[in-house]
Each structure stands twice: as structure tokens, then as C-alpha cells.
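Enquirer: Just so you know, full-length UniProt numbering puts 18 at position 18 of the sequence shown, and the rest follows in order with no gaps. Sharing a structure with you now.
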Amino acid sequence: MEMYIVLAVTLFMMIMFIWHKVPFGVTTMTCCIILAAAGIFDVKTAFSGFGNQIVVLIAPMLALSAVLGKTSLVAKISSLMDIMKNKRGILLVLTIYIVGAILAQFIPSTAVLTIMVVFLATLGNTGDITTKRIILPLLGVLCAWKFRFPIGMGASTFATLNGLYEGIIPDPQYALTMLDPFIYAIPSMIVLTVYCLFAWKLMPKEGVVDQSALKQSKKTELLPHNQEMIVYAVFVLVMALMILNKWTGVLLYLAPGIGVLLLIYCGVLKVDEAVKSMTSDMVWMIAGVLVVADALGQSGAGDAIGNLVLDILGAQPGSFTVMLVFSAATVIMTTFISNMATQTVLIPIAASVALAGGWDPRGLVLIIGTANMFAVGFPSGSGEAAVAFAAGGYNPVKVLKFTVPYMILSIVTCALTAEFMYPLY
1 MEMYIVLAVT
11 LFMMIMFIWH
21 KVPFGVTTMT
31 CCIILAAAGI
41 FDVKTAFSGF
51 GNQIVVLIAP
61 MLALSAVLGK
71 TSLVAKISSL
81 MDIMKNKRGI
91 LLVLTIYIVG
101 AILAQFIPST
111 AVLTIMVVFL
121 ATLGNTGDIT
131 TKRIILPLLG
141 VLCAWKFRFP
151 IGMGASTFAT
161 LNGLYEGIIP
171 DPQYALTMLD
181 PFIYAIPSMI
191 VLTVYCLFAW
201 KLMPKEGVVD
211 QSALKQSKKT
221 ELLPHNQEMI
231 VYAVFVLVMA
241 LMILNKWTGV
251 LLYLAPGIGV
261 LLLIYCGVLK
271 VDEAVKSMTS
281 DMVWMIAGVL
291 VVADALGQSG
301 AGDAIGNLVL
311 DILGAQPGSF
321 TVMLVFSAAT
331 VIMTTFISNM
341 ATQTVLIPIA
351 ASVALAGGWD
361 PRGLVLIIGT
371 ANMFAVGFPS
381 GSGEAAVAFA
391 AGGYNPVKVL
401 KFTVPYMILS
411 IVTCALTAEF
421 MYPLY
């Protein structure tokens, strides 16, 4: 009976993530309450996700990233666009992509695209390189690069992914390291950027950009120079403690919290600002998912899911075949529903399949944690996709010449890279 309750709770979580009528955190907290009320876990265990080391790392990292956005760093990077206004040809396209890729390491891609569209509007509607022909390829570059480098939010990617399956496969030898997501993403970053560097020519020329479709973002008040220097120093310290985790040990998970405290004591970060960032929906969602993952592992429900998928895949499926199936499923799914929902639904399934097959789960987890960002085919896939399609006025069918090859390349590249780095057996 316990297994069926957990399966029902998991199914409820997946449906609610896909439907997305309430915040993800509300869904996972509902799951925690059901698990406690049904006697699957006691109250302390049902809400133990908030004390998990992964949440301890991610919550303050959100606050640190928000503070970094108040420095002049983003503005300085954006100024590169002004320098390139009079340039043409592939150099102009490459510069646009480089600026977008760098900005995507520090601020959400939706904000990056909104900022970049304003600059792209200066390209006009004549000639080969027009605003409308560049917006969607730029989205493709942002999807390939966003939060990939192990700095800012990118430094916590491994922890987020680990948290989604550690309850199913707790063996530490199968946990991802801080650099794994970055190293794994390098081939797809290169392949998809090169594709976008030339494939913008596949985009239709006609039409103008609708800047009224963009959400007007409030201008961020920059920090004074002395406080900005403190932010940079603290940020470097935090990154050093995390990257050198082989020697710093537990400080890997405590470093972001230490950084937030230093900024508060130095008067750079207000307490209410820190609290707002550290109690965002993402934190509640991860804390709840950790508990549901534990329930899947302990109740045997994870084994049941894994065996079911194994039966579908057939007897002794090839390692690359399995990689390709999960890669395709991720890219197709994230085209229509949110990145986070795709990741949160598929990783527990992948881990359950790996457990049932006696496989190394890391390749499958990295596929899902990377390919879930490649939402370029439909506006519902992500916030940045919605901005791109709205600003460009794109008909999803008319841009298939660009989006379908992008999706195929991403599927194949992710599967090949996973097979090379972490084959199933």
C-alpha cells in the first residue's frame, strides 16, 4: 500500500509540474504534507529537505547572484554591443552571441534576451542580418550557454541535479561533482553555437520586431563602487571555496551562506533582500522534491518505475540507445513545458531506470540536466522562448527549418557526450 501511495504522490507532482497552475514549491509542499498525513514519513522527515546540504548551498547562492546583478559588471558587458553597432557580417553575429553567452552566466536568460532585443532593434530590417533573423538564433545560443560555467548559479547546478536523485541512488560514487555539468555541456555549447553562427540564414527575412511585446524591466540601482568591490571579493572567495572542495570539504556547501553573511555584516546586502531570494519558489521546490525522491527510494516505488521503463526499452538495450531515448524525450518535452518541470519529472525516472538496470545514472542525469534547457521550438517552453517568439512575431511552423536541426543536433550531441563521459555500463 505504501508503494502505491508514493506512486500516486509522484504522479500528482508530475502532473502539477506540467500543468503549472500553482508554483512548483506549492506542489512539492503539498506532496510533503500528503506523505506525512499518510504515515509514509513522520513530520520531521517529511520536511527534512529544508535541512539538506543541497538546499543549504542553493538558497544563499540565489541571494549572491541577485547581488551580483547590482554591480556594473553586466552594464560593462552590455557596452560591447555599442562598440559593434557599425560592424557587419559574421563578426557582428559572433559578437552578439558572445555578449549574450557571457550575460547568461550572471542573469536569467529571459532578462538577457529582453536586454539584447533592444540592442538588436538597431540592426533594422534591411540587408541580410536583420533583427528578426537573429533573435531566435540568439535564443538558441542562450539555451546552450545559460548558467553553464561554475560561477554564480552555475556553481550550484551539480547540487540541484544530485538532489533530484540522491534519495533513489544514495551511493556517493554516483553523485555529480561541481565541474561535471560544465564539462559535459562543452560539446553542446560549441556545436549549437557554431550551428547558430551560420543557421541564422535559415530564418525568414520579412517582418519587424515587436518591442511592445517585451516586458519592461525596472532599472536596477547599481551599488556604490566600494560596495561593488566587496561583492567581487566575496564572490571570488565563495567560488574559490567551492571549486577547491577537495581541500575545503564541507565548506563547499557552506560557502554561499558565508558569503551572504559577509555581505550582510558589511552592509552591502539587506536582510529582507537576502530573505526574499533565499525563500524563492525554487528553494521550496527543491526541498520538497528531495523528500519525494527519498520516498521513491525507500518505498520501492522507484524500482517499480525503473522496471516498467526497462520493459518498454526491451531486454538489454544498448547504452547509447538509452541515452538517445532520454535525450530525445527531454528535448521534446522541454519544447512545450518548462525547463524545471522537465528536469524534475525525468531525472527521478532516469535514476529509477538506472537503479533497476544496475547502471551508472550520471550520464542520464547530465543529459536531462543539460537538454532541458534547449527550448527553442515553441513559446511555451520557457520564459526566454516566450520573449523571443513574441518579439520576433514568429510562427513556430515557419521557423522549423531552424528549430528542427537545432533540436536534432542537441539530442545527438547530448547522447554522444554522455556515452563518452559516463556510459551506463
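Idealized CB from N, CA, C, for every residue including glycine.
(1) Hey, how far is the Cα of Tyr394 from the Cα of Gln316?
(2) Just the C-alpha distance for Thr344 and Ala104, rounded to the nearest angstrom, thanks.
(3) Whose C-beta lies closer than 7 Å to the C-beta of Trp359 among residues of the same chain, with five residues either side of it excluded?
(4) Quick one: what's got a C-beta closer than 6 Å to Gly25's C-beta in the same chain, skipping five residues either side?
(5) Counting Cβ pairs, one atom from each stretch, are 3 or more of them under 8 Å apart for the segment 33 to 45 and the segment 228 to 236?
(6) What is the C-beta distance between Thr28 and Val292, in whole angstroms, given that I count them as a contact (C-beta under 8 Å)?
(7) Just to confirm, is the Cβ distance from Ala59 to Met278 under 8 Å?
(8) Is it buried or exposed for Ser188, if we count other Cβ within 10 angstroms and need 16 for buried?
(9) To the nearest angstrom, how far is it from the Cα of Leu138 to the Cα of Lys401?
(10) How about Leu73 and Ile129: do their beta carbons lie closer than 8 Å?
(11) With a Cβ-Cβ cutoff of 8 Å, do Leu346 and Ala329 count as a contact?
(12) Would a C-beta distance cut-off of 8 Å place Arg148 and Lys205 closer than the cut-off?
(13) Can you tell me whether Asn372 is helix, strand or coil according to DSSP?
(14) For Val141 and Glu2, what's the separation of their Cα atoms in angstroms?
(15) Which of the three DSSP states, helix, strand or coil, is assigned to residue 434?
(16) List the whole-angstrom C-beta distance separating Leu68 from Gly259, where the pair is believed to meet the contact cut-off of C-beta under 8 Å.
(17) Could you give the C-beta distance for Asp303 and Leu355, rounded to a whole number, given that I count them as a contact under 8 Å?
(18) What does a CB cutoff of less than 7 Å around Val6 pick up in its chain, not counting 5 residues either side in sequence?
(19) Is it right to say Leu192 is buried, meaning 16 or more other beta carbons lie within 10 angstroms of its own, or is it exposed?
(20) If contact is defined by three or more beta carbon pairs under 8 Å, each pair taking one atom from either stretch, is the segment 410 to 422 in contact with the segment 320 to 327?
(21) May I ask which residues mark the beginning and end of the alpha helix (DSSP H) holding Ile18?
(22) To the nearest angstrom, report how far apart residue 433 and Leu62 are at their CA atoms.
(23) At the level of alpha carbons, what is the spacing between residue 427 and Ala386?
(24) Return yes when the Cβ of Trp145 is within less than 8 Å of the Cβ of Ala101, no when it is not.
(25) Mapping DSSP to helix, strand and coil, what is Lys205?
(26) What's the C-alpha gap between Met13 and Ile349?
(27) Among Gly152, Val376, Ile168, Gly154, whose alpha-carbon lies nearest the alpha-carbon of Val399?
(28) Would you mind stating whether Leu366 and Tyr184 have Cβ atoms separated by less than 8 Å?
(29) Would you give the residue range spanned by the alpha helix (DSSP H) that Arg148 belongs to?
(30) Would you mind working out which of Cys196, Leu252, Asn226 sits nearest Lys70, comparing C-alpha positions?
(31) With C-beta atoms as the reference, is Gly167 less than 8 Å away from Leu313?
(32) Suppose only complete runs of 3+ residues qualify. What are the beta strand (DSSP E) ranges in the segment 237 to 319, listed by chain order?
(33) Taking the alpha-carbon positions, what's the Glu273 to Gly154 distance?
(34) Return the chain-ordered list of same chain residues with a C-beta closer than 6 Å to the C-beta of Pro396, the five sequence neighbours on each side being excluded.
Expert: The short version:
(1) As a working note, residue 394 is residue 394 in the sequence shown. As a working note, residue 316 is residue 316 in the sequence shown. Distance between the alpha carbons of Tyr394 and Gln316 is about 43 Å.
(2) Counting from 1 along the sequence shown, the entry for residue 344 is found at position 344. Counting from 1 along the sequence shown, the entry for residue 104 is found at position 104. Thr344 and Ala104 have their C-alpha atoms roughly 22 Å apart.
(3) The residue given as residue 359 occupies position 359 in the sequence shown. Result list for Trp359: Leu424, Tyr425, in chain order.
(4) For the purposes of this step, residue 25 is taken as the residue at position 25 of the sequence shown. Closer than 6 Å at the Cβ level, and outside the excluded window around Gly25, lie Asp281, Trp284, Met285.
(5) Because the criterion of three Cβ pairs below 8 Å is not met, the segment 33 to 45 and the segment 228 to 236 do not touch.
(6) Residue numbering aside, residue 28 sits at position 28 when the sequence shown is read from its first letter. Residue numbering aside, residue 292 sits at position 292 when the sequence shown is read from its first letter. Confirmed, about 7 Å.
(7) Walking along the sequence shown from the start, residue 59 turns up at place 59. Walking along the sequence shown from the start, residue 278 turns up at place 278. Cβ atoms of Ala59 and Met278: closer than 8 Å.
(8) For this step, residue 188 is matched to residue 188 along the sequence shown. Label assigned to Ser188: buried.
(9) Stepping through the sequence shown from its first residue, residue 138 is reached at position 138. Stepping through the sequence shown from its first residue, residue 401 is reached at position 401. Straight-line Cα distance between these residues: approximately 15 Å.
(10) On the sequence shown, residue 73 is found 73 positions in, with the first residue counted as 1. On the sequence shown, residue 129 is found 129 positions in, with the first residue counted as 1. Cβ distance not < 8 Å, so Leu73 and Ile129 don't count as in contact.
(11) Position 346 of the sequence shown, counted from the start, is the residue given in the question as residue 346. Position 329 of the sequence shown, counted from the start, is the residue given in the question as residue 329. Cβ distance < 8 Å, so Leu346 and Ala329 count as in contact.
(12) For the purposes of this step, residue 148 is taken as residue 148 along the sequence shown, with counting starting at 1. For the purposes of this step, residue 205 is taken as residue 205 along the sequence shown, with counting starting at 1. Going by C-beta atoms, Arg148 is not nearer than 8 Å to Lys205.
(13) Here residue 372 refers to the residue found at position 372 when the sequence shown is read from its first residue. Collapsing the DSSP output to three states places Asn372 in coil.
(14) As a position in the sequence shown, residue 141 is number 141, starting the count at 1. As a position in the sequence shown, residue 2 is number 2, starting the count at 1. Rounded to whole angstroms, Val141 and Glu2 show a C-alpha spacing of 45 Å.
(15) In the structure as shown, the chain starts at 1 and stops at 425, and residue 434 therefore has no counterpart that could be examined.
(16) The residue given as residue 68 occupies position 68 in the sequence shown. The residue given as residue 259 occupies position 259 in the sequence shown. The pair is not a contact, with the Cβ atoms about 10 Å apart (cut-off 8 Å).
(17) To locate residue 303, count along the sequence shown from 1; it is residue 303. To locate residue 355, count along the sequence shown from 1; it is residue 355. Rounded, the Cβ-Cβ distance is 7 Å, consistent with contact.
(18) Translated into positions along the sequence shown, residue 6 becomes position 6. Excluding sequence neighbours, Val6 sits near Ile40, Ala295, Leu296, Ser299, Ala301.
(19) For this step, residue 192 is matched to residue 192 along the sequence shown. Flag for Leu192 reads buried.
(20) A contact is defined here as three or more CB-CB pairs under 8 Å, and the segment 320 to 327 meets this definition with respect to the segment 410 to 422.
(21) Translated into the one-based positions of the sequence shown, residue 18 becomes position 18. Element bounds for Ile18: 2 to 19.
(22) The requested residue 433 does not occur in the structure, where the chain is confined to residues 1 to 425.
(23) Because the chain is modelled from 1 through 425, residue 427 falls outside the range shown and cannot be assessed.
(24) Within the sequence shown, numbered from 1, the residue matching residue 101 stands at position 101. Within the sequence shown, numbered from 1, the residue matching residue 145 stands at position 145. In contact: Ala101 and Trp145 (Cβ atoms closer than 8 Å).
(25) Start at 1 with the first residue of the sequence shown, and residue 205 comes out as number 205. In the structure shown, Lys205 sits in coil (DSSP, three-state: anything other than H, G, I, E or B).
(26) Here the question's residue 13 lines up with position 13 in the sequence shown. Here the question's residue 349 lines up with position 349 in the sequence shown. Distance between Met13 and Ile349, taken at the CA atoms: about 13 Å.
(27) In the sequence shown, the residue the question calls residue 399 occupies position 399. Ranking Gly152, Val376, Ile168, Gly154 by Cα distance to Val399 puts Val376 first.
(28) Working through the sequence shown from its first residue, we reach residue 366 at position 366. Working through the sequence shown from its first residue, we reach residue 184 at position 184. Yes, they are a contact pair.
(29) For the purposes of this step, residue 148 is taken as residue 148 along the sequence shown, with counting starting at 1. Counting along the chain, Arg148 falls outside any alpha helix (DSSP H), and DSSP gives it neither H nor E.
(30) Here residue 70 refers to the residue found at position 70 of the sequence shown. The shortest C-alpha separation from Lys70 is found at Asn226.
(31) Locating residue 167 in the sequence shown gives position 167, counting from the first residue. Locating residue 313 in the sequence shown gives position 313, counting from the first residue. Judged by their CB atoms, Gly167 and Leu313 are not nearer to each other than the 8 Å cut-off.
(32) Considered as a whole, the segment 237 to 319 harbours no complete run of any beta strand (DSSP E) with no fewer than 3 residues.
(33) Taking the sequence shown and counting its residues from 1, one reaches residue 273 at position 273. Taking the sequence shown and counting its residues from 1, one reaches residue 154 at position 154. In a straight line, the C-alpha of Glu273 is about 21 Å away from that of Gly154.
(34) By one-based count along the sequence shown, residue 396 stands at place 396. Annotation for Pro396: Phe378 place their beta carbon closer than 6 Å to its own, counting only its chain and skipping 5 residues before and after.
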